[in-house]
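Worksheet: one structure, shown below.
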Amino acid sequence: MTISRVTFLAASLLATPALAKPSPVLMVSIDGLRPGDVLDADARGIKIPTLKKLAADGIYAEGVRNALPTVTYPNHTTLITGVWPAKHGIPNNPTFDPLQKNMSGWYWYSRDIKVRTLWDAVHQSGGKVASLSWPVSVGAQSIDFNLPEYWRATESHDEDIKLVRALSTPGIVDLLEKTTGLLFVQADGESVEEDVGRTRFAGALIAAKHPKFTTVHLRGLDHVEHNSGPGSPEAKKALETLDAAVGAMIAQARKAEPDLVVAIVSDHGFAPVARSVNLIGAFVQAGLIRLDANRKVTAWDAEPWGGASAAVVLAHPDDAALMAKVSALLNQLAANPELGIDHVADAGEIARLGGTPMASFWVDFKPGYQMGTDPAALAVGPALVKGTHGYFPTHPEMRASFILSGPSVKKRGSLGEIDMRDIAPTLAKIMDVPLPQADGKPLF
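Residue numbers (this note's numbering): 50 to 493.
This is how it looks when you write it as structure tokens:
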């Protein structure tokens with residue numbers, strides 16, 4: 050039966066959530082999980098008994114208003130800090146690298162986070178912390194048992210497994226392989242099958258080490274939604290597989306920690322996409338980006354950075370003439386309806402949404418369009434994927450998910466829509482640890 054929805058006001062009148070005592074927390078991110086795929090699961094033909102029961106037994110959001118841009122790394126960092134990217138310092142998935150000196154590197158390293166995290170708060174309060182494949186976790190000193198998310202040899206999974214093993218807490222991979230009977234290669238990656246292995250590792254880790262706080266990132270649903278589209282049969286099957294795996298993980302974890310509170314979160318929603326827009330080519334034609342004969346950038350004055358939305362970074366943001374030239378170009382592009390540009394944000398709007406101050410402008414495409422990466426492509430061509438995210442958080446399709454359930458969480462029902470910044474303070478309160486710099490507030 051579809052979970053009944055109540056308004057925020059009605060839910061607030063039912064009962065005030067209360068906590069009997071501090072509890073350990075398991076936060077599981079199902080990357081790309083749309084709220085409606087849980088709340089309307091029956092109507093959509095999705096069999097997910099674990100997630101439905103967690104929502105029915107606890108509290109849930111109709112949608113989570115998330116960070117600009119609605120991509121994985123900025124939002125996962127908001128989930129553990131309670132602040133937007135402008136404060137926590139993780140502005141996007143890949144680093145801004147117009148000359149490609151970083152070889153398509155991402156924001157993998159925890160030292161780039163500029164504020165206190167939930168990992169820090171728990172660790173400094175004397176609790177143990179565990180994490181499996183959480184973004185921006187490489188080198189996190191506050192994670193006692195860490196299997197970070199990282200890759201470099203993208204054409205060789207086996208080589209990346211060696212690398213992640215070397216970056217993980219010494220001995221922990223060997224322990225989990227022995228305990229579960231799985232090889233690490235079966236529990237690290239972005240496929241649904243590797244997610245299943247990761248949940249088995251997580252359950253075994255909680256049973257063996259009893260952490261107070263555990264973060265787990267499941268990446269397979271996002272991968273399938275990109276390739277097959279949100280709501281596709283393939284995406285539904287992926288979610289059903291993950292639901293069963295999450296259920297088994299929770300059951301194992303609660304044998305070790307009966308008071309465990311489970312937070313199911315996601316970073317963003319998803320939208321179908323059909324068109325790829327050559328925004329970079331327009332900057333090349335305007336002389337703002339210079340290329341060599343192999344179409345490699347040799348110099349730049351302004352460059353778009355993103356996908357479904359694109360931050361525009363200026364080499365010299367204090368140059369009034371450059372600012373005017375870029376503004377005129379963006380206004381010209383936005384006036385062309387074929388390009389599918391929803392609007393162009395200025396620095397003021399970016400600041401209000403908490404986006405990185407690196408951006409002087411931000412181009413938001415209409416759902417169905419995204420920026421391409423080939424400067425020689427047609428102005429508008431077919432997209433290479435069937436689904437995407439990264440649009441402004443004002444688009445309802447980008448809403449993320451939140452479910453909270455456990456013995457110490459007394460309230461049941463809907464919270465309506467919530468702000469993603471409220472999740473970290475809520476979990477901090479459940480674990481009774483301080484997170485004073487968070488801009489969000491506990492949900493109860």
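Glycine included, every Cβ here is placed at the ideal spot set by N, Cα and C.
Can you pull the DSSP bridge partners for residue i?
i      : result
His137 : According to DSSP, which records beta bridges pairwise, His137 is partnered with nothing at all.
Arg114 : Asp468
Phe414 : Ile390
Glu352 : Val362
His266 : Ser78
Tyr109 : Ile452, Ser463
Met420 : Val326
Pro143 : Trp155
Gly436 : Pro321
Val346 : Leu340
Three-state secondary structure (DSSP) at residue i?
i      : result
His497 : Beyond the ends of the chain as shown, which are 50 and 493, falls residue 497; an answer cannot be given.
His392 : strand
Arg324 : strand
Tyr158 : strand
Met152 : coil
Phe451 : strand
His259 : coil
Ser277 : helix
Tyr122 : helix
Asn195 : strand
Ala408 : strand
Leu20  : Residue 20 lies beyond the range of the chain shown here (50 to 493); nothing can be said about it.
Ser457 : coil
Ala179 : strand
Arg54  : In this predicted model, Arg54 has a pLDDT of only 38, less than 50, meaning its place in the structure is not dependable; the value taken from the coordinates is given anyway. Coil, per DSSP.
Arg165 : coil
Leu62  : Caution applies to Leu62, whose pLDDT of 34 falls short of 50 and renders its modelled position unreliable; the value that the coordinates give is listed next. Note: Leu62 maps to helix in three-state DSSP.
Pro431 : strand
Val132 : coil
Val185 : coil
Glu239 : coil
Gly489 : coil
Asp481 : coil
Ser174 : coil
Phe233 : helix
Thr443 : coil
Gly403 : coil
Gln190 : coil
Ala357 : coil
Asn385 : coil
Ala425 : coil
Tell me, to the nearest whole angstrom, how far the beta carbon of residue i is from that of residue j; I am working on the premise that it is less than 8 Å.
i      : j      : result
Val241 : Val482 : So it is not a contact: roughly 33 Å between Cβ atoms.
Tyr122 : Asn142 : 5 Å
Ala383 : Val393 : 5 Å
Trp201 : Leu216 : Trp is not the amino acid found at residue 201; the sequence shown has Arg there. Rounded, the Cβ-Cβ distance is 11 Å, inconsistent with contact.
Gly238 : His206 : 6 Å
Ala449 : His317 : 6 Å
Val45  : Ile192 : Outside the modelled stretch of the chain, which goes from 50 to 493, sits residue 45, for which no answer is possible.
Glu306 : Ile255 : 6 Å
Asp413 : Asp391 : 5 Å
Thr228 : His438 : So it is not a contact: roughly 35 Å between Cβ atoms.
His259 : Trp183 : Wrong, their Cβ atoms sit about 19 Å apart, outside the cutoff.
Ile95  : Leu288 : 6 Å
Val74  : Ile479 : 6 Å
Arg247 : Ala236 : 5 Å
Phe319 : Pro353 : Contact flag wrong, Cβ pair sits at about 22 Å.
Pro474 : Gly131 : 5 Å
Taking 7 Å as the cut-off, is the CB of residue i close to at least one heavy atom of the ligand FMN?
i      : result
Thr130 : Absence of the ligand FMN from the depicted structure is noted, as is the absence of any ligand whatsoever, leaving it without description.
| On the three-pair Cβ rule with 8 Å, is the stretch 450-457 touching the stretch 301-312? | Between the stretch 450-457 and the stretch 301-312, the count of Cβ pairs shorter than 8 Å is three or higher; the stretches touch.
| query | Fully enclosed by the stretch 199-227, which alpha helix (DSSP H) runs are 4 residues long or longer? | reply | Within the stretch 199-227, the complete alpha helix (DSSP H) runs of at least 4 residues are 206-216.
| request: Pick out the complete beta strand (DSSP E) segments inside the stretch 67-105, 3 residues or longer, and give them in chain order. | output: Taken in chain order, the whole beta strand (DSSP E) runs of length 3 or more contained in the stretch 67-105 are 74-79.
| request: Write down every uninterrupted run of the beta strand (DSSP E) in the stretch 285-344 whose length is 3 residues or greater and which is fully enclosed by it, in chain order. | output: Taken in chain order, the whole beta strand (DSSP E) runs of length 3 or more contained in the stretch 285-344 are 310-314, 324-326, 338-340.
| Touching by the beta-carbon criterion (3+ pairs, under 8 Å), the stretch 122-132 and the stretch 321-332 | The way I'd put it, the stretch 122-132 doesn't touch the stretch 321-332; fewer than three beta-carbon pairs between them come closer than 8 Å.
| request: Could you tell me whether the stretch 437-444 touches the stretch 280-299, where touching means 3 or more Cβ pairs closer than 8 Å? | output: With a cut-off of 8 Å, the stretch 280-299 and the stretch 437-444 do not count as touching, because too few Cβ pairs lie within range.
| Cβ contact check for the stretch 400-410 and the stretch 359-378: 3 or more pairs under 8 Å | The way I'd put it, the stretch 400-410 does touch the stretch 359-378; three or more beta-carbon pairs between them come closer than 8 Å.
| field | Sufficient close CB pairs (3 or more, under 8 Å) joining the stretch 104-119 to the stretch 82-90 | value | Result yes; three or more Cβ-Cβ pairs closer than 8 Å.
| query | Hey, is the stretch 137-157 in contact with the stretch 484-491, meaning 3+ C-beta pairs nearer than 8 Å? | reply | Flag = no, the stretch 137-157 and the stretch 484-491 do not touch.
| Meets three-Cβ-pair contact criterion under 8 Å: the stretch 419-437 and the stretch 338-347 | In short, these stretches touch, since the Cβ pair count reaches three.
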